[in-house]
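Engineer: Residue numbers (the numbering used here): 19 to 382. All residues carry an ideal CB built from backbone N, CA and C; glycine is no exception.
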């Protein structure tokens, strides 16, 4: 009799699980997984250790670079002192010692570290340098501690950084960069500035820069015989707005003494030379000179080829004056010396060095 239900499907033969390479024991399989996991864990721990140490060295590298940058800028700011047109490159001078102190303020330098500070002209420090300004170079090699790499036999690694800062002579004096509303003639500049040695000419009787009394006429109160020059040339200067604006007001010019020049001026620019003596200006300058509060004791002035009151003249250079005093009324003169080391605010550009330097900057 036929069954109303279909015949069941025949059972498929089972594959044997006891061939070579097959593990029938679950405990054996678990052991292999444990070995693989342990090996992978060791690799991961090693990579993590490497990442921690590398990150630590990268942070240290930034700290070292920041420290040498700050030290170079600090040292460069001390290369010139007020009144000096010659940079001090001495290993015991303020620039080098100041840079060393700045490094130690930012990082602890141990006996295992190497710190080198050199001050010289840039091309002496780096023969491939594009220019030759006074510069200071700071190099620090610091040992960084390794934590996890010690399992591979390394406990420290050296991290090094170098920074060079320059002091350039600017071609532009920005707003507020000087408080002396005056321009001097190129003749006066040539008489009392030693361009060959980049410093003021020295009076042999005092062994100091010549003292110059710029008279009210600004035309001939002293001649070149006082500086030992036999050519005919009068000391000359004139009050100026330090811009092309035809300013004659004593109040406006006195405002430069108290607040600085209102606009930038550069070599090659035209500036206005005022008319007259401007008696009130002598009192203003006296109050800020070396005999007063010294706020204009070292001042940048433009140099012009011709000192002609009531005219525009082109700025040919920037010079530095040491303003000793000023006398008005019947005397009317400003007593100055040619000087070096004027570091005006907001100066920029690059020009020949005549005693004016801008704030230091890092070399590219």
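1) Can you check which of these residues, 360, 219 and 152, is closest to residue 380 by C-alpha distance?
2) Excluding the 5 residues preceding and the 5 following residue 195 in the sequence, name in chain order all residues of the same chain whose CB lies nearer than 8 angstroms to its CB.
3) Could you give the DSSP three-state label for residue 248: helix, strand or coil?
4) Just the Cα atoms here: how many angstroms apart are residue 368 and residue 154?
5) Give the straight-line distance between the Cα atoms of residue 305 and residue 96, rounded to the nearest whole angstrom.
6) Given this structure, state the Cα-to-Cα distance separating residue 299 from residue 332, to the nearest angstrom.
7) If we count Cβ pairs, one from each stretch, closer than 8 angstroms, do we get three or more for the stretch 123-134 versus the stretch 75-90?
8) Give me, in chain order, the residues of the same chain whose beta-carbon lies closer than 6 angstroms to that of residue 94; leave out the 5 immediate sequence neighbours on both sides.
9) Among 266, 359, 311 and 208, which residue has its Cα nearest to the Cα of residue 321?
10) Specify the secondary structure class of residue 276 as computed by DSSP and reduced to three states.
11) Just the Cα atoms here: how many angstroms apart are residue 356 and residue 179?
12) Which same chain residues end up closer than 7 angstroms to residue 217 when comparing Cβ atoms and leaving out the 5 residues on each side of it in sequence?
13) Would you kindly work out how many angstroms separate the C-alpha atoms of residue 224 and residue 130, rounded to a whole number?
14) Apart from the five residues just before and just after residue 227, which ones in its own chain have a Cβ nearer than 8 angstroms to its Cβ?
15) CB residue 201 to CB residue 108, shorter than 9 angstroms?
16) What does the Cβ neighbour count give for residue 71, buried or exposed, with the cut at 16 atoms within 10 Å?
17) Apart from the five residues just before and just after residue 181, which ones in its own chain have a Cβ nearer than 6 angstroms to its Cβ?
18) Could you check which residue in 312, 76 and 135 has the C-alpha nearest to that of residue 275?
19) In this structure, does DSSP put residue 374 in helix, strand or coil?
20) With 16 other CB atoms within 10 Å as the buried threshold, where does residue 288 fall?
21) List the endpoints of the continuous beta strand (DSSP E) containing residue 153.
22) Tell me which residue opens and which closes the alpha helix (DSSP H) that residue 320 is part of.
23) Take the Cβ of residue 119 as the centre, count every other Cβ of all protein chains shown within 10 Å, and call the residue buried at 16 or more, exposed below.
24) Go ahead and pull the three-state DSSP assignment for residue 228.
25) Among residues of its own chain, excluding the 5 on either side of residue 99, which ones have a beta-carbon nearer than 8 angstroms to its beta-carbon?
26) Just the Cα atoms here: how many angstroms apart are residue 54 and residue 177?
Structural biologist: In this structure, then:
1) Counted from its first residue, the chain shown places residue 380 at position 362. Considering only alpha carbons, the answer is 152.
2) The residue labelled residue 195 in the question sits at position 177 within the chain shown. These residues qualify, in order along the chain: 278, 279, 282, 318, 362, 363, 364 and 365.
3) Residue mapping note: residue 248 aligns to position 230 of the chain shown, counting from 1. Confidence at residue 248 is low in this model, with a pLDDT of 38, below 50, so the placement of that residue is unreliable and no value is reported for it.
4) As a first step, residue 368 must be located in the chain shown, where it is residue number 350. As a first step, residue 154 must be located in the chain shown, where it is residue number 136. When rounded, the distance between both Cα atoms is 18 angstroms.
5) In the chain shown, residue 305 corresponds to position 287, counting from 1. In the chain shown, residue 96 corresponds to position 78, counting from 1. Going from the Cα of residue 305 to the Cα of residue 96 covers about 27 angstroms.
6) As a first step, residue 299 is located in the chain shown; it is residue number 281 there, counting from the start. As a first step, residue 332 is located in the chain shown; it is residue number 314 there, counting from the start. Spanning the two alpha carbons is a distance of roughly 23 angstroms.
7) Because the criterion of three Cβ pairs below 8 angstroms is met, the stretch 123-134 and the stretch 75-90 touch.
8) What you label residue 94 is simply residue 76 of the chain shown in a count that begins at 1. Result list for residue 94: 154, 183, 185 and 378, in chain order.
9) Residue 321 sits at position 303 when you count from the first residue of the chain shown. Cα-wise, what sits closest to residue 321 is 208.
10) Translated into the one-based positions of the chain shown, residue 276 becomes position 258. The answer is helix: DSSP assigns residue 276 an H, G or I state.
11) In the chain shown, residue 356 corresponds to position 338, counting from 1. In the chain shown, residue 179 corresponds to position 161, counting from 1. Each residue's Cα considered, the two are about 40 angstroms apart.
12) Here the question's residue 217 lines up with position 199 in the chain shown. Its chain contains 103, 104 and 358 as the residues whose beta carbon lies nearer than 7 angstroms to that of residue 217, once the 5 sequence neighbours on both sides are disregarded; these appear in chain order.
13) By 1-based counting over the chain shown, the position of residue 224 is 206. By 1-based counting over the chain shown, the position of residue 130 is 112. Computed Cα separation, rounded: 50 angstroms.
14) Mapped onto the chain shown, residue 227 falls at position 209. The residues are 210, 218, 219, 220, 221, 340, 355, 356 and 357.
15) The sequence position of residue 201 within the chain shown is 183, counting from 1. The sequence position of residue 108 within the chain shown is 90, counting from 1. No; because the gap between Cβ atoms is not below 9 angstroms, this pair is not in contact.
16) If you number the chain shown from 1, residue 71 lands on position 53. Residue 71 comes out buried.
17) Here the question's residue 181 lines up with position 163 in the chain shown. So the qualifying residues of the chain are 86, 87, 90 and 156.
18) The residue given as residue 275 occupies position 257 in the chain shown. Closest option to residue 275, Cα to Cα, is 312.
19) Here residue 374 refers to the residue found at position 356 of the chain shown. In the structure shown, residue 374 sits in a strand (DSSP, three-state: E or B).
20) Locating residue 288 in the chain shown gives position 270, counting from the first residue. Label assigned to residue 288: exposed.
21) The count along the chain shown starts at 1 and reaches residue 153 at position 135. Here the beta strand (DSSP E) through residue 153 covers 152-163.
22) Position 302 of the chain shown, counted from the start, is the residue given in the question as residue 320. Premise fails: residue 320 lies in the beta strand (DSSP E), 316-322, not in any alpha helix (DSSP H).
23) Against the chain shown, residue 119 aligns to sequence position 101. So residue 119 counts as exposed.
24) Residue numbering aside, residue 228 sits at position 210 when the chain shown is read from its first letter. Looking at residue 228 - three-state DSSP - the assignment turns out to be coil, as it is neither helix nor strand.
25) In the chain shown, the residue the question calls residue 99 occupies position 81. Answer for residue 99: 106, 112 and 359, listed in chain order.
26) By one-based count along the chain shown, residue 54 stands at place 36. By one-based count along the chain shown, residue 177 stands at place 159. Cα to Cα, the separation comes out at about 37 angstroms.
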